[in-house]
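Line order of the protein sequences matches chains A and B. Anchor point for the first sequence: position 27 equals 26 in numbering that gives the first Met the number 0, and the numbering is continuous, going up by one each time. Anchor point for the second sequence: position 200 equals 199 in numbering that gives the first Met the number 0, and the numbering is continuous, going up by one each time. Glycine residues also receive a C-beta, built at the ideal position from the N, C-alpha and C atoms. Below you'll find the structure, written out as C-alpha cells, and then a few comments.
Protein chains: 2
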Amino acid sequence: MAQVTREPLADQAAELLLDRIRAGEWGLGEKLPGETTLAPQLGVGRSTLREAIRQLAGRGVLASRQGAGVFVTALDAPEDWDTVLRRAGIVAVIEARIAIETEAAALAAARRTPGDLRAIRRALAERAAHRSDIESHVDADTAFHRTIVAAAHNPVLLDLFDSFTPRLREAMIEMLRIRREFGDDADHDAHVEQADAIAARDEQAATAHSRAHLLTLREALA
Amino acid sequence: MAQVTREPLADQAAELLLDRIRAGEWGLGEKLPGETTLAPQLGVGRSTLREAIRQLAGRGVLASRQGAGVFVTALDAPEDWDTVLRRAGIVAVIEARIAIETEAAALAAARRTPGDLRAIRRALAERAAHRSDIESHVDADTAFHRTIVAAAHNPVLLDLFDSFTPRLREAMIEMLRIRREFGDDADHDAHVEQADAIAARDEQAATAHSRAHLLTLREALA
DNA sequence: GTAGCACGACTCCTCAGACAAGTAGACGAG
DNA sequence: CTCGTCTACTTGTCTGAGGAGTCGTGCTAC
Numbered sequence: 000m001a002q003v004t005r006e007p008l009a010d011q012a013a014e015l016l017l018d019r020i021r022a023g024e025w026g027l028g029e030k031l032p033g034e035t036t037l038a039p040q041l042g043v044g045r046s047t048l049r050e051a052i053r054q055l056a057g058r059g060v061l062a063s064r065q066g067a068g069v070f071v072t073a074l075d076a077p078e079d080w081d082t083v084l085r086r087a088g089i090v091a092v093i094e095a096r097i098a099i100e101t102e103a104a105a106l107a108a109a110r111r112t113p114g115d116l117r118a119i120r121r122a123l124a125e126r127a128a129h130r131s132d133i134e135s136h137v138d139a140d141t142a143f144h145r146t147i148v149a150a151a152h153n154p155v156l157l158d159l160f161d162s163f164t165p166r167l168r169e170a171m172i173e174m175l176r177i178r179r180e181f182g183d184d185a186d187h188d189a190h191v192e193q194a195d196a197i198a199a200r201d202e203q204a205a206t207a208h209s210r211a212h213l214l215t216l217r218e219a220l221a
Numbered sequence: 000m001a002q003v004t005r006e007p008l009a010d011q012a013a014e015l016l017l018d019r020i021r022a023g024e025w026g027l028g029e030k031l032p033g034e035t036t037l038a039p040q041l042g043v044g045r046s047t048l049r050e051a052i053r054q055l056a057g058r059g060v061l062a063s064r065q066g067a068g069v070f071v072t073a074l075d076a077p078e079d080w081d082t083v084l085r086r087a088g089i090v091a092v093i094e095a096r097i098a099i100e101t102e103a104a105a106l107a108a109a110r111r112t113p114g115d116l117r118a119i120r121r122a123l124a125e126r127a128a129h130r131s132d133i134e135s136h137v138d139a140d141t142a143f144h145r146t147i148v149a150a151a152h153n154p155v156l157l158d159l160f161d162s163f164t165p166r167l168r169e170a171m172i173e174m175l176r177i178r179r180e181f182g183d184d185a186d187h188d189a190h191v192e193q194a195d196a197i198a199a200r201d202e203q204a205a206t207a208h209s210r211a212h213l214l215t216l217r218e219a220l221a
C-alpha cells in the first residue's frame with residue numbers, strides 16, 4: 000500500500016542507515032564511511048545524505064566531528080517513552096500512576112506550602128465546576144491530581160506524572176463515554192477528603208485516599 | 000568559557016530555533032517562515048538551516064511538508080530521561096525509586112510465580128556472595144531488587160526501575176566508598192525478610208520492608 | 001632510537017545556485 | 001455556488017566550490 004505522500008529521500012536514507020546500524024554493520028563508536036563514498040552508495044546527493052545524518056544526530060544515534068568523521072553513538076534509537084506507554088496495557092500504566100501518586104501524596108502532606116494548598120483548593124473548585132462535559136472533567140481531574148504531585152516538590156515524580164497523563168487521558172475519556180457514571184457527589188467528596196488530608200499533614204490518610212481512588216479507577220479501566 | 004570544539008552552525012541554528020519555539024513565537028501546528036526568509040534572518044545559508052530543521056525533526060519538534068512549509072509538532076523537545084535524572088537531585092531520584100519499588104513489592108507479593116521466587120532466591124544468594132568488593136556488591140544488590148520489580152509483572156514499573164539504576168549506581172558506590180558500612184549482617188537479614196514476605200504473599204510486610212530499606216538508603220545519600 | 005614537528009590526505013562544514021516536485025490560494029468559467 | 005486551472009510560493013534534491021579541522025606519515029633534531 001503506497002502512501003499518498005512519498006517519503007522524502009532524506010528520510011528514506013535515514014531509515015536505511017539506521018537499519019544498517021541495527022544490523023551491526025558499524026559497531027558502537029565506529030566511524031561511518033565518508034560522505035563522498037556513502038552518498039553514491041545510497042544513491043542520493045551529498046546534501047541529502049547530510050540531512051539524513053543530521054536527522055539521526057537529532058535522535059542521538061550519530062555524532063559527527065569535523066575533520067574526523069561520523070560516528071555511531073547508539074546502536075538503536077532510544078525508545079520513546081510515549082511509545083513504551085502506548086504499547087503497555089492501560090492497567091500497567093495506571094498501576095505505575097498508583098505507585099508515584101500515592102508516594103507523592105505522602106510527600107505532599109509533609110512538604111506542602113501554603114501556596115501549594117491554595118493551588119490544590121483552586122484546582123478542586125475548578126474540578127467541581129466541570130462536571131458535565133466529559134473531556135473538560137477529565138482534564139480538570141488530572142489538573143487537580145497534578146497539583147498534589149507538584150506539592151510533593153519532587154521533579155522526577157512530577158515528570159513521571161506528566162508522561163503518564165496523555166496515555167491515560169484517552170483511556171479515561173473513552174471509559175467515561177461508555178459508563179456515564181462520573182462526577183457524582185461521592186466521587187467529589189473523596190477528592191475533598193484527599194485535599195483535607197494534605198492540608199492536615201496527615202500522610203497516612205493522604206496515601207489511603209489516593210490509593211483508594213486510583214484502585215477504583217483501575218477496576219473501571221480493566 | 001569557550002569549548003575546545005566550536006559548535007557547528009547548524010547545531011547553533013537548531014538551538015536558536017528551539018529557543019524561539021519555546022518562547023512561543025510559533026504555536027503548536029503553526030507554520031514557520033519559509034527557508035528562504037528564515038535563513039538570512041538567522042545569518043546562515045539555506046542548506047545549513049535545512050540541516051538544523053532536520054535535526055529538530057529527528058527530535059520530534061518540527062515536521063516539513065514539501066510545498067506547504069515547516070510546522071511545529073511539539074512545543075518543546077521531549078527531554079531525555081537520562082538528562083532529567085542527572086539534573087535532578089539524588090534524593091529526588093531515590094524518592095521516585097521508593098514510589099515504584101514499594102508498589103512493585105506489593106504487586107510482587109500478589110503475583111509472584113514459582114519461577115519469580117527462584118530468581119529472587121538466586122539473586123539473594125548472589126548478593127550474599129558479593130560482600131567485599133563495593134562495585135559488585137552494588138550491582139548484586141540492584142540485581143536482587145530488580146528481580147522483585149520483575150515479579151510484579153508490570154513492564155512500566157520495570158522500565159522505570161531500569162532507568163533509575165544507572166544514576167543511583169554512581170551515587171551508591173561513591174557513598175559506600177566514604178562510609179565503609181555495607182554488607183553487614185543486619186542489612187542482609189533485612190533483604191532475606193523481604194524475600195520471605197514476597198514468598199508468603201504478605202503484601203503489607205513486603206511494602207514495609209521495602210520502604211524501610213529505601214528510607215535508610217535515602218538518609219545515607221542525603 | 002626517540003621525541004617533536006611539518007606536511008598532506010582526508011574529513012566534515014558552509015555557502016550559493018539551479019531545477020524539480022508539491023501545495024494552496026486566487027480567479028474565472030460554467 | 002462549484003469546479004477546474006493557473007500561478008506564486010514552498011520544500012526537495014543535486015552539484016560545485018572553498019573553508020576548517022583532524023589524523024597519520026615521514027622527516028628532522030637530539
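The Cβ-Cβ distance between E125/B and A104/B does not fall below 8 Å. In chain order, E50 make up the part of chain B whose C-beta sits under 7 Å from the C-beta of R49/A. D75/A has a beta carbon lying at 8 Å or more from every beta carbon in chain B. Judged by pairs of C-beta atoms under 8 Å, the region 156-164 of chain B touches the region 81-97 of chain A, as three or more such pairs exist. Nearest CB-CB separation between R53/B and chain A: below the 8 Å threshold.
Contacts between R58/A and chain B, judged by CB atoms closer than 8 Å, involve G57, R58 in chain order. Here the region 50-59 of chain A makes contact with the region 52-61 of chain B; the two share three or more CB pairs at distances below 8 Å. Per DSSP, A67/B lies in no alpha helix (DSSP H) and is assigned neither H nor E. With fewer than 16 other beta carbons inside 10 angstroms of its own, R117/B counts as exposed. By the criterion of a C-beta distance shorter than 7 Å, F143/A is surrounded in its chain by A122, L123, R126, H190, once the five residues flanking it on both sides are discounted.
Chain order gives the chain B residues near P7/A as S63, Q65, where near means a beta carbon separation below 9 Å.
Beyond the five residues adjoining it in sequence on each side, L8/A comes within less than 6 Å, by CB distance, of V43, T47 in the same chain, given in chain order. Excluding its 5 nearest sequence neighbours in each direction, L15/A has C-beta neighbours in its own chain below 7 Å: L41, listed in chain order. Contact between the region 59-72 of chain A and the region 30-40 of chain A is established, with three or more Cβ pairs separated by less than 8 Å. Residues of the same chain with a CB within less than 7 Å of the CB of W80/B, apart from the 5 flanking positions on each side, are S162 in chain order. At least 8 Å separates the beta-carbon of D195/B from that of A149/B. Of all alpha-carbon atoms in G23/B, L27/B, V69/B, the one lying nearest the alpha-carbon of L37/B is that of V69/B.
Nearest CB-CB separation between W80/A and chain B: below the 8 Å threshold.
Between I89/A and L220/A, the CB-CB gap stays under 8 Å. The alpha helix (DSSP H) runs lying completely inside the region 29-113 of chain B and spanning 4 residues or more are 34-41, 45-57, 80-86, 89-110, given in chain order. The C-beta of L167/A has 16 or more other C-beta atoms within 10 Å across all chains shown, which makes the residue buried. Note on geometry: alpha-carbon atoms of D188/A and H212/A lie some 11 Å from one another. For E218/B and V71/B, the gap between their C-alpha atoms comes out near 44 Å. Here the C-alpha atom of D75/A lies approximately 28 Å from the C-alpha atom of M171/B.
With fewer than 16 other Cβ atoms inside 10 Å of its own Cβ, A185/B counts as exposed. Listed in chain order, the positions of the region 154-168 of chain A with a beta carbon within less than 8 Å of a beta carbon of chain B are P154, V155, L156, D158, L159.
With the criterion set as a beta carbon lying under 7 Å from some beta carbon of chain B, the region 195-221 of chain A has no members that meet it. Under a criterion of Cβ atoms nearer than 8 Å, the residues of chain B adjacent to L106/A are, in order, E94. Per DSSP, P7/B lies in no alpha helix (DSSP H) segment and is marked neither H nor E. A Cβ-Cβ distance of about 6 Å is found for the pair A109/A and E202/A, placing them in contact under the 8 Å criterion.
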